[in-house]
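Residue numbers (our numbering): 96 to 236. The beta-carbon is built from N, C-alpha and C at its ideal position, and this holds for glycine as well. As the structure is a computational prediction, the values presented were derived from the model and not from experiment. Notes to accompany the following structure.
Structure (structure tokens):
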């Protein structure tokens, strides 16, 4: 199996964080909470939490290629927060909403016998173009 390299996601998260900081904006991190996330569960709504990761709120912020970690105060109590990069669904500026949002990451299923990516559902056939007397394009395999 070929090495797919390192994910671009942590680099994009760091870039938007830096852009927010340079622009004087407050970076917010949106997280889809799962069993690997250490976050204050009392603030999780519908399986998600939004965290202020600005320098004034998180002076010891670390964003590496696998984790986002920091300590912060929630309701006056200090908490250690750690979130896997895969759980991050967005990073954006509080002031204007600009940033990046990521789709949910799902691993493609591989058929062991052919090493081909398989789909649980067959793609729907494409309806042929209606006959109008004009030329049409065809897919040639």
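Quick one: grab the DSSP three-state call for residue i.
i           : result
residue 205 : Because residue 205 carries a pLDDT of 44, less than 50, the predicted location of this residue cannot be relied on, and the following value inherits that uncertainty. Strand.
residue 188 : strand
residue 138 : helix
Could you name the residues of the same chain whose beta carbon sits closer than 6 Å to that of residue i, not counting the 5 residues immediately before and after it, in chain order?
i           : result
residue 139 : 128
residue 125 : 145, 184 and 185
residue 177 : 133, 162 and 164
Between which two residues does the alpha helix (DSSP H) containing residue i stretch?
i           : result
residue 107 : 104-118
Would residue i pass as a contact of residue j if the rule is Cβ separation under 8 Å?
i           : j           : result
residue 180 : residue 111 : no
residue 197 : residue 104 : yes
residue 160 : residue 101 : yes
Which word fits residue i, buried or exposed, when buried means at least 16 other C-beta atoms lie within 10 angstroms of its C-beta?
i           : result
residue 106 : exposed
residue 153 : buried
residue 149 : buried
residue 173 : exposed
residue 192 : exposed
Mind checking which residues open and close the beta strand (DSSP E) that includes residue i?
i           : result
residue 177 : 172-179
residue 147 : 143-147
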